[in-house]
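Visitor: Please see the structure below; I have some questions.
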Amino acid sequence: MACPDPRVGGNQMADRVSGVVRWYNQARGVGYIDGDDDLEVRVDRRSIEHGTFVVEGLRVTYVPVEDENGWHAEHLTIVRHSPGAAHHE
Numbered sequence: 089m090a091c092p093d094p095r096v097g098g099n100q101m102a103d104r105v106s107g108v109v110r111w112y113n114q115a116r117g118v119g120y121i122d123g124d125d126d127l128e129v130r131v132d133r134r135s136i137e138h139g140t141f142v143v144e145g146l147r148v149t150y151v152p153v154e155d156e157n158g159w160h161a162e163h164l165t166i167v168r169h170s171p172g173a174a175h176h177e
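Position in the sequence shown counted from 1, then plus 88, gives you our numbering.
Written out as structure tokens, the structure is:
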């Protein structure tokens with residue numbers, strides 16, 4: 089697991105992490121990712137690349153950030169060759 093990098097401020101990790109969407113509720117715009125670094129992070133629609141449709145099993149990369157509610161994903165993008173990847177314009 090990457091360590092927090094003091095150059096980026098707060099508890100944001102400097103490197104992108106890969107993971108798999110465990111579940112995502114389209115109506116609420118929230119879900120969870122199981123990171124390859126064994127960290128569970130939540131994700132919400134504000135962190136998702138515009139036009140990306142998030143589904144269970146989708147392989148993604150993101151920047152993990154810790155706040156008062158725990159770890160969450162920022163700057164989430166899909167891994168282009170992910171079997172669950174889908175885009176909507």
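Heads up, the beta-carbon is just placed ideally off N, CA and C, and yes, glycines get one too.
Keep in mind it's a predicted model, so treat the numbers as computed, not measured.
Less than 8 angstroms between C-beta atoms, sequence neighbours within five positions excluded: which residues of the same chain meet that for residue 111?
Guide: For the purposes of this step, residue 111 is taken as residue 23 along the sequence shown, with counting starting at 1. Here the set comprises 119, 120, 144.
Visitor: Using the rule of at least 16 other Cβ atoms within 10 Å of the residue's Cβ for burial, across every protein chain shown, is residue 135 buried or exposed?
Guide: Against the sequence shown, residue 135 aligns to sequence position 47. By the neighbour-count rule (16 or more Cβ atoms within 10 Å), residue 135 is buried.
Visitor: If contacts are defined as beta-carbon pairs under 8 angstroms, then residue 106 and residue 147 qualify, I think. What distance do you get, rounded to the angstrom?
Guide: Translated into the one-based positions of the sequence shown, residue 106 becomes position 18. Translated into the one-based positions of the sequence shown, residue 147 becomes position 59. The pair is a contact, with the Cβ atoms about 7 angstroms apart (cut-off 8 angstroms).
Visitor: If you measure between the beta carbons of residue 142 and residue 161, is that distance less than 7 angstroms?
Guide: As a working mapping, residue 142 is identified with position 54 in the sequence shown. As a working mapping, residue 161 is identified with position 73 in the sequence shown. Contact flag unset, no.
Visitor: State the Cα-Cα distance for the pair residue 158 and residue 113, rounded to the nearest angstrom.
Guide: By one-based count along the sequence shown, residue 158 stands at place 70. By one-based count along the sequence shown, residue 113 stands at place 25. Rounded to whole angstroms, residue 158 to residue 113 spans 19 angstroms at the Cα level.
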